[in-house]
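With the working numbering applied, the sequence shown has no gaps in its numbers, which climb one by one up to 161 at the end.
From the three backbone atoms N, C-alpha and C, an ideal C-beta is built for every residue, glycine too.
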Amino acid sequence: MSTQRPNQYSAIPRYTGASSTPRPQPPASSAPSRATQLGIGLGRGAGGLGKSLLGRPKSHMKRHMKIQRDSIHGITNGDIRRLARRGGVKRISALVYSDIRQALRDRLARVLKDICAIIDSSGRKTVSVTDVVFALQRLGNPIYGFEPSFLRQR
């Protein structure tokens, strides 16, 4: 003896197979839709993503704009603390981290300005190790392990 349970929902059951009544379709129009006109349609049609004639990618609207934040904050407090420990510092005040980041920014700007001048004068676009070593020696902070014979091989 089998008893069937009553349906819990009054909606149409999901798994009944193909329906005999066709679903209504939106009327076809010869004019492109508003989304296609704006270039935000799906697929690789004229408004979608893909390649242009010259092989370059088409531009598209970004859904999430990346927030530009100062890249000096990529140097975390833990990084600064580890550098201070290597220098022999036992305890660090919480107010010091922003000052250290500012000093680091100034120092990097000074070194990179010299490196850019070296590269521009030599007509290159790639920074080499010798450029960094030469710029640091010029600023009065040489790196140990790079003797002058190494720098002459540029």
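Among the residues of its own chain, which have a CB less than 8 Å from the CB of residue i, if the five just before and after it don't count?
i           : result
residue 93  : none
residue 97  : none
residue 127 : none
Going by alpha carbons, who is nearest to residue i out of the options?
i           : options             : result
residue 136 : 153, 148 and 97     : 153
residue 122 : 77, 70 and 142      : 142
residue 139 : 131, 129 and 125    : 125
residue 104 : 85, 115, 95 and 40  : 85
residue 114 : 95, 129, 147 and 91 : 147
With DSSP collapsed to three states, give me the class of residue i.
i           : result
residue 102 : coil
residue 114 : helix
residue 71  : coil
residue 136 : helix
residue 41  : helix
residue 144 : helix
residue 81  : helix
In whole angstroms, give me the CA-to-CA distance for residue i and residue j.
i           : j           : result
residue 149 : residue 101 : 31 Å
residue 108 : residue 151 : 25 Å
residue 120 : residue 43  : 48 Å
residue 117 : residue 145 : 11 Å
residue 82  : residue 72  : 23 Å
residue 77  : residue 131 : 28 Å
residue 110 : residue 41  : 53 Å
Excluding five sequence neighbours on each side, which residues of the same chain lie with their C-beta closer than 7 Å to the C-beta of residue i?
i           : result
residue 88  : 99
residue 133 : none
Near residue i, what residues of its chain come up, given a Cβ to Cβ distance below 6 Å and the 5 sequence neighbours on each side ignored?
i          : result
residue 79 : 108 and 112
Within 8 Å of any Cβ in chain B, is that where the Cβ of residue i sits?
i           : result
residue 121 : This model lacks chain B altogether, as it is built from one protein chain only.
Closer than 7 Å to a non-hydrogen atom of the ligand SAH - does that hold for the CB of residue i?
i           : result
residue 111 : Of the ligands one can find in the structure shown there are none, so the ligand SAH has no counterpart to examine.
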